[in-house]
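Let me begin by presenting the structure, written as structure tokens, before commenting on it.
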Amino acid sequence: AQSVTQLGSHVSVSEGALVLLRCNYSSSVPPYLFWYVQYPNQGLQLLLKYTSAATLVKGINGFEAEFKKSETSFHLTKPSAHMRDAAEYFCAVSANQAGTALIFGKGTTLSVSS
Amino acid sequence: DAGVIQSPRHEVTEMGQEVTLRCKPISGHNSLFWYRQTMMRGLELLIYFNNNVPIDDSGMPEDRFSAKMPNASFSTLKIQPSEPRDSAVYFCASSSGLGTGELFFGEGSRLTVL
């Protein structure tokens, strides 16, 4: 079985500051890991994904995440926050098999102040 | 290409009424997922289909909920009778069943049961 835990339901940063959103996973098989972003009143869109290739994954909008098996973590970072990054972010895990469901964390709301 | 299309976008109904939510997956995708999003529980997987066959419906909360996928281009999620606690945003997502299992989400159906 798979699960994810997102540490911190709400993160606030200033514009230009580092963004760090934490995600730890549990999986009985080598996992696929994902980060999705949700803007208000919209569906979820993929930021980036880890699929057992490179452990450092780059995504859209300047975000990246590093898979650390020893720490069972997949934290999301961005060097410099923009106001437009304010949204809700979800970490998700699935078994490394296409056609299986993603299990999502509870989400972290990112606020960016000027 | 068109994304996942859900209808209605908003539904307000009274307790006891039947609610039907509809989803058209991305053409060529053979996996379809229904999720429910609430403040309290976050994103919960309700049911998913591979090649129109239900694979896992363990997330369906009660017998009042049912889902069908009569063909590759259409799915419904039905609640009968509806209750106020069913108020949520219901998302449909699809994936190609190949590669890394990335899910593509619709914009959601916001259900309010009075």
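The listed protein sequences correspond, in order, to chains F and C.
The opening residue of the first sequence carries number 3 in my numbering; numbering runs sequentially from there.
The opening residue of the second sequence carries number 4 in my numbering; numbering runs sequentially from there.
We treat Cβ as the ideally placed atom computed from N, Cα and C, and that holds for glycine.
Roughly how far, in whole angstroms, is the beta-carbon of residue i from the beta-carbon of residue j, given that I think they are within contact range, below 8 angstroms?
{"i": "F:Leu48", "j": "F:Phe36", "result": "6 angstroms"}
{"i": "C:Gln20", "j": "C:Pro87", "result": "Not a contact, Cβ separation roughly 12 angstroms."}
Locate the beta strand (DSSP E) running through residue i, then write down its first and last residues.
{"i": "C:Met72", "result": "Phe68 to Asn74"}
{"i": "F:Tyr41", "result": "Careful: F:Tyr41 lies outside any beta strand (DSSP E) and carries neither H nor E."}
{"i": "C:Arg113", "result": "Ser112 to Val116"}
{"i": "C:Val22", "result": "Val22 to Lys27"}
{"i": "F:Lys70", "result": "Glu66 to Lys70"}
{"i": "C:Gly6", "result": "Run containing C:Gly6: none; DSSP gives neither H nor E here."}
Report the neighbours of residue i on chain F: residues whose CB is nearer than 8 angstroms to its CB, in chain order.
{"i": "C:Tyr93", "result": "By Cβ distance, chain F contributes nothing, its closest Cβ being about 11 angstroms from C:Tyr93, past 8 angstroms."}
{"i": "C:Asp59", "result": "Ala103"}
{"i": "C:Glu14", "result": "Result: empty, since nearest Cβ-Cβ is about 15 angstroms, beyond 8 angstroms."}
Which residues in chain D have a C-beta closer than 9 angstroms to the C-beta of residue i? List them in chain order.
{"i": "C:Phe36", "result": "The structure shown contains no chain D; its protein chains are F and C."}
Quick one: using the 10 Å Cβ neighbour count with 16 as the cut-off for buried, is residue i buried or exposed?
{"i": "F:Asp87", "result": "buried"}
{"i": "C:Ala91", "result": "buried"}
{"i": "C:Val15", "result": "exposed"}
On a CA-only basis, which of the options is nearest residue i? Give me that one, please.
{"i": "F:Pro33", "options": "F:Ser11, F:Thr110, F:Glu73 and F:Thr53", "result": "F:Thr53"}
{"i": "F:Lys108", "options": "F:Ala56, F:Met85 and F:Asn26", "result": "F:Asn26"}
{"i": "C:Glu65", "options": "C:Ser76, C:Pro28 and C:Ile50", "result": "C:Ile50"}
{"i": "F:Gln44", "options": "F:Glu90, F:Leu104 and F:Glu73", "result": "F:Glu90"}
{"i": "C:Phe94", "options": "C:Ile29, C:Arg113, C:Pro73 and C:Lys71", "result": "C:Arg113"}
{"i": "C:Asp46", "options": "C:Val116, C:Thr115, C:Asn54 and C:Gly111", "result": "It should be noted that the sequence gives Leu, not Asp, for residue 46 of chain C. The candidate whose alpha carbon is nearest that of C:Leu46 is C:Gly111."}
{"i": "F:Lys70", "options": "F:Ser28, F:Thr102 and F:Ala3", "result": "F:Ser28"}
Anything in chain C within Cβ reach of residue i, meaning under 7 angstroms, just list it in chain order.
{"i": "F:Phe92", "result": "Leu46"}
{"i": "F:Tyr41", "result": "The premise fails here: F:Tyr41 is roughly 11 angstroms from chain C at the closest Cβ pair, so nothing lies under 7 angstroms."}
{"i": "F:Tyr27", "result": "What F:Tyr27 touches in chain C: nothing, since even the nearest Cβ is about 15 angstroms away."}
Closer than 9 angstroms by beta-carbon distance: list the chain C residues that pair up with residue i, in chain order.
{"i": "F:Ser30", "result": "Near F:Ser30 there are no residues of chain C at all, since even the closest Cβ is about 16 angstroms away, more than 9 angstroms."}
With respect to 8 angstroms, is the separation between the Cβ of residue i and the closest non-hydrogen atom of the ligand ATP below this value?
{"i": "F:Ala3", "result": "With respect to the ligand ATP, the structure shown offers nothing to examine, as it has no ligands at all."}
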